[in-house]
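Please read the structure below before turning to the comments.
Residue numbers (the numbering used here): 88 to 437.
Here's what the structure looks like:
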């Protein structure tokens, strides 16, 4: 994951300073106005002026509640959860009650024609406060549930990385050591280079606790992996690198994002073909999108390729969706014995 994406909001209370949370709050307030205005009633339908006044009041109260929730968030999170949650719920209720009373005080200036009796004022303020209390309880619960889902996704993404690392250790290590052992006597120089590549590969893939890597690091990781596999497959494995000079090599990606896809192209594609084949790795920049395409020939039955790739691809799709959001895309296609996997990732805004 990117560092920004991996940083999940701590605690049970959302950050009302963030635009998505504030926008959701304003939308919920407006929906409450629409429900009240459209509810069956013996009174006449609301006039346009009443819709405007109710909407303005709802948005004003929502903003007035979000500001203290934003500023007091560190303090509320430092309290026991039950106490902090109670205070967080009480803030919009209190704001709604006194804000409604203040509206009556402004009646003479706004000329709304409201009943100015004390009983009417208190009834109106209590009604608005009750609606605010119900809405606040629902919103806080929704935000808490949403945050729990984000934390679960983050934990699952980290688990996917751990699973990929655990998968590389025995599988790739044993194959590589067998290849190196066969080279020790007949080509010691090649065996030495292979050991260096293997060492660099494992240092890059497993040596850091960081959950992200640059595009350049991911590409070099693929190069080392392919260098070792080429010792095993020989002339059967050909690589076509097409790296756009405009590609942002310092762009942060989830660690071990590309190597599993390249490994699938080797194991489930090239290695199963007697004559071997060529793996195409293309990295291009298209406006505000980074496009990474990995293609390879495969055996006649697509099931042989797709079944072997399913785990890695689902992991990659899940991780890029978490790291980059809805704009990230992974597409897979097969056509006349050729298999292609393409990633489209939004470039970070400067």
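Beta carbons are placed, not taken as given, at the ideal position from N, Cα and C, and that holds for glycine.
The structure displayed is predicted, hence computed values, not measured ones.
Three-state secondary structure (DSSP) of residue i
| i | result |
| --- | --- |
| residue 433 | strand |
| residue 382 | strand |
| residue 364 | strand |
| residue 346 | helix |
| residue 316 | helix |
| residue 157 | helix |
| residue 372 | strand |
| residue 104 | coil |
| residue 256 | For residue 256, the pLDDT reaches just 49, beneath the cut-off of 50, and the residue's location in the model is therefore unreliable, although a value from the coordinates is still provided. In this structure, residue 256 counts as helix in the three-state DSSP scheme. |
| residue 236 | helix |
| residue 327 | strand |
| residue 420 | strand |
| residue 273 | coil |
| residue 166 | coil |
| residue 301 | strand |
Residue burial classification, residue i (beta-carbon count within 10 angstroms, cutoff 16)
| i | result |
| --- | --- |
| residue 107 | exposed |
| residue 256 | For residue 256, the pLDDT reaches just 49, beneath the cut-off of 50, and the residue's location in the model is therefore unreliable, although a value from the coordinates is still provided. It counts as exposed. |
| residue 235 | exposed |
| residue 383 | buried |
| residue 204 | exposed |
| residue 308 | buried |
| residue 298 | buried |
| residue 417 | buried |
| residue 266 | buried |
| residue 210 | exposed |
| residue 406 | buried |
| residue 166 | exposed |
| residue 32 | Residue 32 lies beyond the stretch modelled for the chain, which goes from 88 to 437, so this question has no answer here. |
Cβ separation of residue i and residue j, assumed to be a contact under 8 Å, to the nearest whole Å
| i | j | result |
| --- | --- | --- |
| residue 277 | residue 318 | 7 Å |
| residue 151 | residue 180 | Not a contact, Cβ separation roughly 12 Å. |
| residue 347 | residue 410 | Wrong, their Cβ atoms sit about 15 Å apart, outside the cutoff. |
| residue 312 | residue 350 | 7 Å |
| residue 355 | residue 385 | 7 Å |
| residue 222 | residue 153 | The pair is not a contact, with the Cβ atoms about 12 Å apart (cut-off 8 Å). |
| residue 227 | residue 172 | 7 Å |
| residue 163 | residue 175 | 5 Å |
| residue 316 | residue 353 | 5 Å |
| residue 363 | residue 320 | 6 Å |
Candidates the options, of which the one nearest residue i by Cα
| i | options | result |
| --- | --- | --- |
| residue 371 | 363, 380, 365 and 364 | 380 |
| residue 424 | 401, 357, 431 and 115 | 357 |
| residue 178 | 322, 237, 159 and 326 | 159 |
| residue 300 | 122, 339 and 105 | 339 |
| residue 101 | 149, 136, 233 and 126 | 233 |
| residue 105 | 124, 217, 230 and 206 | 230 |
| residue 191 | 125, 428 and 144 | 144 |
Beta carbon of residue i nearer than 9 Å to that of residue j
| i | j | result |
| --- | --- | --- |
| residue 284 | residue 314 | yes |
| residue 323 | residue 360 | yes |
| residue 184 | residue 219 | yes |
| residue 103 | residue 157 | yes |
| residue 369 | residue 326 | no |
| residue 116 | residue 146 | yes |
| residue 302 | residue 335 | yes |
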